[in-house]
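A short worksheet on the structure shown next.
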Amino acid sequence: MVIHFAKIVRWPNLLIIAVTQYLAAVLLISDNSFESVLHDSAFMVLIISTIFIAAGGYLINDYYDIKIDYVNKPDRVVAGRFISRRQILFAHTLLTALGILGGTYVSIKIGMLNVLAAGLLWLYSNQLKRMPLWGNFAIASLTALSVYLVYFYYQQSFFLILSYTAFAFYMSLIREIIKDMEDLKGDKAFGLRTLPISIGMHKTKNAIYFIIVLFLLTVSYLLFEEPKFFKVLGGLFLSLLILFIGITRADKPNDYKRLSRWSKIIMLLGLLSMLLFL
Numbered sequence: 002m003v004i005h006f007a008k009i010v011r012w013p014n015l016l017i018i019a020v021t022q023y024l025a026a027v028l029l030i031s032d033n034s035f036e037s038v039l040h041d042s043a044f045m046v047l048i049i050s051t052i053f054i055a056a057g058g059y060l061i062n063d064y065y066d067i068k069i070d071y072v073n074k075p076d077r078v079v080a081g082r083f084i085s086r087r088q089i090l091f092a093h094t095l096l097t098a099l100g101i102l103g104g105t106y107v108s109i110k111i112g113m114l115n116v117l118a119a120g121l122l123w124l125y126s127n128q129l130k131r132m133p134l135w136g137n138f139a140i141a142s143l144t145a146l147s148v149y150l151v152y153f154y155y156q157q158s159f160f161l162i163l164s165y166t167a168f169a170f171y172m173s174l175i176r177e178i179i180k181d182m183e184d185l186k187g188d189k190a191f192g193l194r195t196l197p198i199s200i201g202m203h204k205t206k207n208a209i210y211f212i213i214v215l216f217l218l219t220v221s222y223l224l225f226e227e228p229k230f231f232k233v234l235g236g237l238f239l240s241l242l243i244l245f246i247g248i249t250r251a252d253k254p255n256d257y258k259r260l261s262r263w264s265k266i267i268m269l270l271g272l273l274s275m276l277l278f279l
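Heads up: the sequence shown begins at 2 in the numbering used here, then just goes up one per residue.
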């Protein structure tokens, strides 16, 4: 049961969220150290509450997507097979409530943000993911929010944290669209109107190219405000170039699966780039 539960809440993704927030607090906030952040109990609660909200989001998403997942990824289905839908709904409710309470403990404003995030995750699972781009924007925005919360808590290093917030938003948006391209068959069978279904694969590729260019322009703007970010620009450009070339050549579900993995690797490399600010 524990192994299946860990799988359904995507524990590696939850770990990435926690490490991202912790490293951002240590490496991007100048007054902090590894020890001081560890001893900041309120910030630790913020991290835990973010993880609970995200885990609740994964649970409710799988709750609604059992039938679709049996088509898109039958070998990875947990919901309804190893854990009942009733158990999933209970766990979602419990984790979401704990996430909201934890955020409220830190501050009323963070508690309200957690309520908004939880509501948006439910709306995404129930409706937004079935509409072109809306679901993608929702997940990208929530991913970016997990990074921005570090600034929201400390009120320091605005442009530096904003750079990583923008990075999280754009890379998450690109990856979500690529995942829609990978899941085209199952999504189409169940009447979803994702971007690839609505405008076709060719136009969806063009949309990703546009987002990549917008991504680089945004980062270039932030460079003028935070020169330290220049250290990671070269690696980002090369990573996006590889992604760009991969998208131009992709035409099968396995191609998009590999591109989705590469997008995740880029996100991890972005996380590691914070070490340059030691």
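Cβ coordinates follow ideal geometry from the N, Cα and C atoms, glycine included.
Compute the Euclidean distance between the alpha carbons of residue i and residue j, then round it to the nearest angstrom.
{"i": "L218", "j": "F153", "result": "24 Å"}
{"i": "T105", "j": "A98", "result": "11 Å"}
{"i": "A55", "j": "L15", "result": "7 Å"}
{"i": "I212", "j": "L234", "result": "17 Å"}
{"i": "L223", "j": "V3", "result": "43 Å"}
{"i": "K265", "j": "L241", "result": "12 Å"}
{"i": "L273", "j": "Y149", "result": "17 Å"}
{"i": "A251", "j": "M202", "result": "10 Å"}
{"i": "F35", "j": "L279", "result": "11 Å"}
{"i": "A7", "j": "I246", "result": "34 Å"}
{"i": "V116", "j": "S108", "result": "12 Å"}
{"i": "W263", "j": "L244", "result": "7 Å"}
{"i": "G271", "j": "G236", "result": "9 Å"}
{"i": "L47", "j": "F225", "result": "31 Å"}
{"i": "P13", "j": "H5", "result": "13 Å"}
{"i": "F1", "j": "F238", "result": "Absent from the model: residue 1. The displayed extent of the chain is 2 to 279, so no value can be given."}
{"i": "L129", "j": "V220", "result": "28 Å"}
{"i": "K186", "j": "P197", "result": "10 Å"}
{"i": "F160", "j": "F91", "result": "40 Å"}
{"i": "F191", "j": "M275", "result": "41 Å"}
Please determine, among the options, the residue with the shortest C-alpha to C-alpha distance to residue i.
{"i": "A141", "options": "S158, A118 and A19", "result": "A118"}
{"i": "Y64", "options": "I9, F238, N14 and L146", "result": "I9"}
{"i": "S199", "options": "W135, S42 and I246", "result": "W135"}
{"i": "K204", "options": "T249, K130 and P13", "result": "T249"}
{"i": "V214", "options": "M172, A7 and L269", "result": "M172"}
{"i": "T166", "options": "M268, Q128, L95 and G100", "result": "M268"}
{"i": "F138", "options": "S164, M113 and L174", "result": "L174"}
{"i": "G120", "options": "I48, I101, F225 and I49", "result": "I101"}
{"i": "L163", "options": "I111, F230, G112 and K110", "result": "F230"}
{"i": "R131", "options": "D41, L193 and I49", "result": "L193"}
Looking only at its own chain, which residues have a Cβ that is under 7 Å from the Cβ of residue i, when we skip the five neighbours before and after it?
{"i": "E183", "result": "P254, Y257, K258 and S261"}
{"i": "I61", "result": "H93, L122, W123 and S126"}
{"i": "T195", "result": "P133, D181 and D188"}
{"i": "N33", "result": "A26 and V27"}
{"i": "V38", "result": "Y23, A26, V27 and F44"}
Quick one: residues in its chain with C-beta nearer than 6 Å to the C-beta of residue i, no 5 flanking neighbours on either side, listed in chain order?
{"i": "S147", "result": "I18 and T51"}
{"i": "L96", "result": "F53, A56 and G57"}
{"i": "Y155", "result": "I30"}
Who are the Cβ neighbours of residue i in its own chain at under 8 Å, not counting the five residues just before and after it?
{"i": "F170", "result": "A141, S142, T144 and A145"}
{"i": "S158", "result": "L29, I30, S31 and Y152"}
So does residue i have its beta carbon nearer than 7 Å to some heavy atom of the ligand GDP?
{"i": "L150", "result": "As for the ligand GDP, it is missing from this structure, which has no ligand bound."}
Are the region 206-220 and the region 175-183 in contact at 8 Å, needing three or more beta carbon pairs? yes
Per the contact definition of three or more C-beta pairs closer than 8 Å, is the region 85-97 in contact with the region 15-27? no
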